[in-house]
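Asker: Could you have a look at this structure, given as structure tokens, before my questions?
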Amino acid sequence: MTASAALSTVQVTGSNLNITYVVLAVALGALGIAFALRQQVLAASDGTDKMREIAEAVQEGAAAYLARQFRTLSYFVGIVFFLLLALPADTTALRVGRSVFFLLGAGFSALVGYNGMWLAVRANVRVAEAARQKDGSKAVQIAFRTGGVVGMTTVGLGLVGASLVVILFRENAPVVLEGFGFGAAMLAMFMRVGGGIFTKAADVGADLVGKVEKGIPEDDPRNPATIADNVGDNVGDCAGMAADLFESYAVTLVAALILGKAAFGNEGLIYPLIVPAIGIITAVIGIFATRLRSTDKSAMSAINRSFFMSAIISAGLTGLATFTYLPGKFNLLTNYSPTVLEEAGNINPRVLAFGAVIIGIVLAAAIQVLTGFFTETGKRPVNDVAASSQTGAATVILAGISVGFESAVYSALLIAAAVFGAFLLGGGSVVLSLFAIALAGTGLLTTVGVIVAMDTFGPISDNAQGIAEMSGDVKGEGAQILTSLDAVGNTTKAITKGIAIATAVLAATALFGAFTDAIKEAVIKAVGEGTTVALEYQGVLDIASPRNLVGLIIGAAVVFLFSGLAINAVSRAAGAVVVEVRNQFKLHPGIMKGTEKPEYGRVVDICTRDSLRELVTPGLLAVMAPIAVGFGLGVGALGAYLAGAIGTGTLMAVFLSNSGGAWDNAKKMVEDGQHGGKGTDAHAATVVGDTVGDPFKDTAGPAINPLIKVMNLVGLLITPAIVSFALPTQSTKSLLIAAVAVVVIIGALIRNRRQSTTIDY
Numbered sequence: 001m002t003a004s005a006a007l008s009t010v011q012v013t014g015s016n017l018n019i020t021y022v023v024l025a026v027a028l029g030a031l032g033i034a035f036a037l038r039q040q041v042l043a044a045s046d047g048t049d050k051m052r053e054i055a056e057a058v059q060e061g062a063a064a065y066l067a068r069q070f071r072t073l074s075y076f077v078g079i080v081f082f083l084l085l086a087l088p089a090d091t092t093a094l095r096v097g098r099s100v101f102f103l104l105g106a107g108f109s110a111l112v113g114y115n116g117m118w119l120a121v122r123a124n125v126r127v128a129e130a131a132r133q134k135d136g137s138k139a140v141q142i143a144f145r146t147g148g149v150v151g152m153t154t155v156g157l158g159l160v161g162a163s164l165v166v167i168l169f170r171e172n173a174p175v176v177l178e179g180f181g182f183g184a185a186m187l188a189m190f191m192r193v194g195g196g197i198f199t200k201a202a203d204v205g206a207d208l209v210g211k212v213e214k215g216i217p218e219d220d221p222r223n224p225a226t227i228a229d230n231v232g233d234n235v236g237d238c239a240g241m242a243a244d245l246f247e248s249y250a251v252t253l254v255a256a257l258i259l260g261k262a263a264f265g266n267e268g269l270i271y272p273l274i275v276p277a278i279g280i281i282t283a284v285i286g287i288f289a290t291r292l293r294s295t296d297k298s299a300m301s302a303i304n305r306s307f308f309m310s311a312i313i314s315a316g317l318t319g320l321a322t323f324t325y326l327p328g329k330f331n332l333l334t335n336y337s338p339t340v341l342e343e344a345g346n347i348n349p350r351v352l353a354f355g356a357v358i359i360g361i362v363l364a365a366a367i368q369v370l371t372g373f374f375t376e377t378g379k380r381p382v383n384d385v386a387a388s389s390q391t392g393a394a395t396v397i398l399a400g401i402s403v404g405f406e407s408a409v410y411s412a413l414l415i416a417a418a419v420f421g422a423f424l425l426g427g428g429s430v431v432l433s434l435f436a437i438a439l440a441g442t443g444l445l446t447t448v449g450v451i452v453a454m455d456t457f458g459p460i461s462d463n464a465q466g467i468a469e470m471s472g473d474v475k476g477e478g479a480q481i482l483t484s485l486d487a488v489g490n491t492t493k494a495i496t497k498g499i500a501i502a503t504a505v506l507a508a509t510a511l512f513g514a515f516t517d518a519i520k521e522a523v524i525k526a527v528g529e530g531t532t533v534a535l536e537y538q539g540v541l542d543i544a545s546p547r548n549l550v551g552l553i554i555g556a557a558v559v560f561l562f563s564g565l566a567i568n569a570v571s572r573a574a575g576a577v578v579v580e581v582r583n584q585f586k587l588h589p590g591i592m593k594g595t596e597k598p599e600y601g602r603v604v605d606i607c608t609r610d611s612l613r614e615l616v617t618p619g620l621l622a623v624m625a626p627i628a629v630g631f632g633l634g635v636g637a638l639g640a641y642l643a644g645a646i647g648t649g650t651l652m653a654v655f656l657s658n659s660g661g662a663w664d665n666a667k668k669m670v671e672d673g674q675h676g677g678k679g680t681d682a683h684a685a686t687v688v689g690d691t692v693g694d695p696f697k698d699t700a701g702p703a704i705n706p707l708i709k710v711m712n713l714v715g716l717l718i719t720p721a722i723v724s725f726a727l728p729t730q731s732t733k734s735l736l737i738a739a740v741a742v743v744v745i746i747g748a749l750i751r752n753r754r755q756s757t758t759i760d761y
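Residue numbers for the sequence shown follow full-length UniProt numbering, so the first one is 1 and each next one is one higher.
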């Protein structure tokens, strides 16, 4: 009997349930702190009349885009809701609960994204005003505390959802949590892809025509794409990334709770809630401690200080909670599996749990340092990319690609070391080892409140500089403050993307373990425990099988196809923007003279329409590909498919993100006066590099994180159906489902290829 099957009668009651209520209270407290921080941000001065006018245009465009996006995504959410109702579960109540909490997960993901966007488009002008007053410390505080609101909302809603599932469904919580995590992951993927296409279409179009062809600054008010560019920062980097980090938080919790129940019984279902609750406390400390000191070289010093402070405090408080809550021996746990006790040997549950959490915290810190090294201005990799601008755009692109490739290797090795280190803590027990990996993910996410604040800091700083430049009201020292904050923001965004992919790998690995357990349970239910077929199915993940090797290759290939679709979508949408901006300059020569006002709304409309149209194909690929492999080739091939996607996705996501970050900051260095400064051939070369890097770091790279988790959750959800159709003689039905999934993918790809690259006028 499997571990989770043995625990089907676990009753979560008494002190464990009381702790869950405490966790729920802490989560609600996080939402209260978010509201208080929000009021602090809104109380700051919002600048001059001209600055407010520009900010209001950005607010209007961002709100309009998200409203249309949510209407579009509501159809997908509705369809999946009913499909989940049709998937097998032990009881009707569990099927309904899984579908309802799927809606809640999707709704929370949308709420986190919208909340991040809503406040960011109001904070940007306040940061610009603080810089106008030459108050760099105030500018940093406003930007970071705005991110703190998003961070507190992320951890608050994630813990509210998970703790509610445990309170309502208790021992059956893992089944319902699959729906909650899938809802969060699916919506985040769509928001990440759609927002990424919008922001980079506008950014690339604005740069190619404005900077390269017309020789005007990035945020010159004469550029018709500049409002769309600032809107894109918010719908992509604020709304999209906030939703992405929320689903990372939610899915990691889901994986830890599913495996915790199998490994530790009652305590395993509660302990993963305690760790992120501690993270809320330390996030509050980190957010309020972020202050710019006179001795700091840049805002990055203050942000690093708060991050490492919160990480150290998290480690200390987690140790205290672990040794207080968990017993020192497995036989003192309640409702654990006897099988686990046999495998555990002399393992101390406290040491296993605390060691895994520490591994996650150390991994977050290591990625912070490593990513900062490869993407921060003043460090050798970015210096080398900037220096290569003296020999042209081609060498800039080559230098940036090499930075991405090299950094991907080191990041992947760090993540692999963390996974293997957590695995060793299990002492040979697969269930315990996978639970340790999941706990490492929760340890990494004890810092998520600060991580989200760091990410939101980037687009707010970028927008603030744009508003300052467009209004012309911020000059001298104030303008220099904003330039410095924008460069720091590029690094913080790269760091959070690195941490996000690390959580994706840890969560996906843990979910992979839950997937293999689900296979065994489904086989036992279909044909009975101990039969020859059941025993054979326990070896279905043998990579020596040609069928499974095919699945592995397909999984790796889907990551490449998904990335290509996302980058190509930006290329097409950016092409439409370029045509529109060129036409406006050609038909209205007064724009360049400053006597006519550009039609900003036309570019916003183009980006909105194209981004929503383009997100359909990558979204269908993410959902349908595992269905096609699972029903067409079997659960073994599906497991190999997921393994291939995890491995390839890790390298691809880091490569794309860090290449783009290095190109962006190399451009900043040249614009700050290095290698000739603005208007030189070196500057033009770095602009081309930055333009290539835009869809790398802000569209395709970040979207791989939710892609991996969506595919793992789809695999987990469909496994019982795959096994029940395949055993003993129902293979025809499986092949029919696989054929339908393949047809949907092919149809979406054909439709994608037939789309026009420009827009008719």
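Think of the CB as a built atom: it goes at the ideal place given N, C-alpha and C, for glycine as much as any other residue.
Note that the coordinates shown come from a computational prediction; the quantities given were computed from them, not determined experimentally.
What did DSSP end up calling residue 675 once you bin it into helix, strand or coil?
Answerer: As a first step, residue 675 must be located in the sequence shown, where it is residue number 675. Here residue 675 sits in helix by DSSP.
Asker: Give every residue of the same chain whose Cβ lies closer than 7 angstroms to the Cβ of residue 353, excluding the five residues on either side of it in the sequence, and list them in chain order.
Answerer: The residue labelled residue 353 in the question sits at position 353 within the sequence shown. These residues qualify, in order along the chain: 271, 322, 326 and 439.
Asker: Report, in whole angstroms, the separation of the C-beta atoms of residue 572 and residue 610, which I expect to be a contact under 8 angstroms.
Answerer: Taking the first residue of the sequence shown as position 1, residue 572 is located at position 572. Taking the first residue of the sequence shown as position 1, residue 610 is located at position 610. Correct: roughly 7 angstroms between the Cβ atoms.
Asker: Is the separation between the beta-carbon of residue 685 and that of residue 212 shorter than 8 angstroms?
Answerer: Walking along the sequence shown from the start, residue 685 turns up at place 685. Walking along the sequence shown from the start, residue 212 turns up at place 212. No. Outside cutoff.
Asker: Can you look up residue 392 in the DSSP assignment and give me helix, strand or coil?
Answerer: Residue numbering aside, residue 392 sits at position 392 when the sequence shown is read from its first letter. In the structure shown, residue 392 sits in coil (DSSP, three-state: anything other than H, G, I, E or B).
Asker: Mapping the DSSP letters down to three states, classify residue 154 as helix, strand or coil.
Answerer: Taking the first residue of the sequence shown as 1, we reach residue 154 at position 154. Here residue 154 sits in helix by DSSP.
Asker: Round the Cβ separation of residue 61 and residue 227 to the nearest angstrom and send it over; I've been treating them as touching at under 8 angstroms.
Answerer: For the purposes of this step, residue 61 is identified with residue 61 of the sequence shown, where counting begins at 1. For the purposes of this step, residue 227 is identified with residue 227 of the sequence shown, where counting begins at 1. Residue 61 to residue 227, Cβ: 6 angstroms. Contact.
Asker: I need the DSSP call for residue 587, collapsed to helix, strand or coil.
Answerer: Position 587 of the sequence shown, counted from the start, is the residue given in the question as residue 587. Reduced to three states, the DSSP call for residue 587 is helix.
Asker: Between residue 233 and residue 57, what straight-line distance do the alpha-carbon atoms span, to the nearest angstrom?
Answerer: Taking the first residue of the sequence shown as 1, we reach residue 233 at position 233. Taking the first residue of the sequence shown as 1, we reach residue 57 at position 57. Rounded to whole angstroms, residue 233 to residue 57 spans 14 angstroms at the Cα level.
Asker: Please report the residue range of the alpha helix (DSSP H) in which residue 363 lies.
Answerer: Here residue 363 is taken as the residue at index 363 of the sequence shown, counted from 1. Start and end: 349–375.
Asker: Looking at the secondary structure, which residues open and close the alpha helix (DSSP H) in which residue 474 lies?
Answerer: Your numbering for residue 474 matches position 474 in the sequence shown. Here residue 474 belongs to no alpha helix (DSSP H), and DSSP marks it neither H nor E.
Asker: Whole angstroms are fine: how far does the CA of residue 640 sit from the CA of residue 458?
Answerer: As a working note, residue 458 is residue 458 in the sequence shown. As a working note, residue 640 is residue 640 in the sequence shown. C-alpha separation (whole angstroms): 37 angstroms.
Asker: Scan the stretch 90–123 and note each continuous beta strand (DSSP E) run of 3 residues or more that stays entirely inside, going in chain order.
Answerer: none
Asker: Check whether chain D comes within 8 angstroms of residue 171, counting only Cβ atoms and requiring the distance to be less than that.
Answerer: The structure shown has no chain D; it contains just one protein chain.
Asker: Let's test the definition: count the other Cβ atoms within 10 Å of the Cβ of residue 538 and tell me whether it reaches 16, buried, or not, exposed.
Answerer: Residue numbering aside, residue 538 sits at position 538 when the sequence shown is read from its first letter. The predicted position of residue 538 is uncertain, since its pLDDT is 47 and thus under 50; no value can be drawn from it.
Asker: Are the stretch 86–102 and the stretch 160–178 in contact at 8 angstroms, needing three or more beta carbon pairs?
Answerer: yes
Asker: Using the Cα positions of residue 390 and residue 149, report the straight-line distance between them to the nearest angstrom.
Answerer: In the sequence shown, counting from the first residue as 1, residue 390 sits at position 390. In the sequence shown, counting from the first residue as 1, residue 149 sits at position 149. Linking residue 390 to residue 149 through their CA atoms gives a straight-line distance of about 42 angstroms.
Asker: In whole angstroms, what is the alpha-carbon distance linking residue 355 and residue 708?
Answerer: Within the sequence shown, numbered from 1, the residue matching residue 355 stands at position 355. Within the sequence shown, numbered from 1, the residue matching residue 708 stands at position 708. For residue 355 and residue 708, the distance between alpha carbons rounds to 26 angstroms.
Asker: Taking 8 angstroms as the cut-off, decide whether the C-beta atoms of residue 698 and residue 236 are in contact.
Answerer: In the sequence shown, counting from the first residue as 1, residue 698 sits at position 698. In the sequence shown, counting from the first residue as 1, residue 236 sits at position 236. For residue 698 and residue 236, yes; Cβs fall inside 8 angstroms.
Asker: What separation, rounded to the nearest whole angstrom, lies between the Cα atoms of residue 192 and residue 405?
Answerer: For the purposes of this step, residue 192 is identified with residue 192 of the sequence shown, where counting begins at 1. For the purposes of this step, residue 405 is identified with residue 405 of the sequence shown, where counting begins at 1. Rounded to the nearest angstrom, the two C-alpha atoms are 23 angstroms apart.
Asker: Near residue 3, which residues of its chain fall below 8 angstroms by C-beta distance, leaving aside the five closest residues on each side in sequence?
Answerer: The sequence position of residue 3 within the sequence shown is 3, counting from 1. Summary for residue 3: the model assigns pLDDT 37, below 50, so the residue's position carries little reliability, and this model does not support an answer.
Asker: By DSSP, does residue 664 sit in helix, in strand, or in coil?
Answerer: Taking the first residue of the sequence shown as position 1, residue 664 is located at position 664. The answer is helix: DSSP assigns residue 664 an H, G or I state.
Asker: Tell me the DSSP secondary structure of residue 697 in three-state form.
Answerer: Counted from its first residue, the sequence shown places residue 697 at position 697. It is helical.
Asker: Please report the distance separating the alpha-carbon of residue 751 from that of residue 42.
Answerer: For this step, residue 751 is matched to residue 751 along the sequence shown. For this step, residue 42 is matched to residue 42 along the sequence shown. One C-alpha to the other measures close to 45 angstroms.
Asker: Measure the C-alpha to C-alpha separation of residue 485 and residue 246 and round it to an integer number of angstroms.
Answerer: Here residue 485 refers to the residue found at position 485 of the sequence shown. Here residue 246 refers to the residue found at position 246 of the sequence shown. Those two C-alpha atoms are separated by around 25 angstroms.
Asker: With three or more beta-carbon pairs closer than 8 angstroms as the criterion, would you say the stretch 456–475 touches the stretch 122–132?
Answerer: A contact is defined here as three or more CB-CB pairs under 8 angstroms, and the stretch 456–475 meets this definition with respect to the stretch 122–132.
Asker: Which whole-angstrom value is the C-beta distance of residue 306 and residue 450, which I expect to be below 8 angstroms?
Answerer: Here the question's residue 306 lines up with position 306 in the sequence shown. Here the question's residue 450 lines up with position 450 in the sequence shown. For a cut-off of 8 angstroms, the C-beta gap from residue 306 to residue 450 is around 6 angstroms, short enough to register as a contact.
Asker: In terms of residues, what are the limits of the alpha helix (DSSP H) holding residue 238?
Answerer: What you label residue 238 is simply residue 238 of the sequence shown in a count that begins at 1. Note, residue 238: premise wrong, no alpha helix (DSSP H); not H, not E.
Asker: What residue range does the alpha helix (DSSP H) around residue 613 cover?
Answerer: Taking the first residue of the sequence shown as 1, we reach residue 613 at position 613. Looking at the DSSP string, the run of the alpha helix (DSSP H) that includes residue 613 is 600–614.
Asker: Would you tell me roughly how many angstroms separate the C-alpha atoms of residue 745 and residue 375, rounded to the nearest one?
Answerer: As a working note, residue 745 is residue 745 in the sequence shown. As a working note, residue 375 is residue 375 in the sequence shown. Taking the straight line joining both Cα atoms gives about 36 angstroms.
Asker: Given residue 741, which residues of its chain have a CB within under 6 angstroms of its CB, disregarding the five upstream and five downstream residues?
Answerer: Counting from one through the sequence shown, the residue named residue 741 turns up at place 741. 624, 627 and 628.
Asker: Is it right to say residue 718 is buried, meaning 16 or more other beta carbons lie within 10 angstroms of its own, or is it exposed?
Answerer: Looking up residue 718 in the sequence shown gives position 718. Buried, by the Cβ-count rule.
Asker: Quick one, which of 688, 447, 418 and 655 has its alpha-carbon nearest residue 434's?
Answerer: As a first step, residue 434 is located in the sequence shown; it is residue number 434 there, counting from the start. Nearest option by C-alpha distance: 418.
Asker: Identify the continuous alpha helix (DSSP H) that holds residue 72 and give its terminal residues.
Answerer: Working through the sequence shown from its first residue, we reach residue 72 at position 72. Residues 49–86.
Asker: Taking the alpha-carbon of residue 456 as reference, which of 153, 105, 39 and 91 has the nearest alpha-carbon?
Answerer: Counting from 1 along the sequence shown, the entry for residue 456 is found at position 456. For residue 456, the nearest C-alpha among the options comes from 153.
Asker: Between the C-alpha atoms of residue 512 and residue 597, what's the straight-line distance to the nearest angstrom?
Answerer: Numbered from 1 along the sequence shown, position 512 holds the residue referred to as residue 512. Numbered from 1 along the sequence shown, position 597 holds the residue referred to as residue 597. Between residue 512 and residue 597, the C-alpha separation is close to 55 angstroms.
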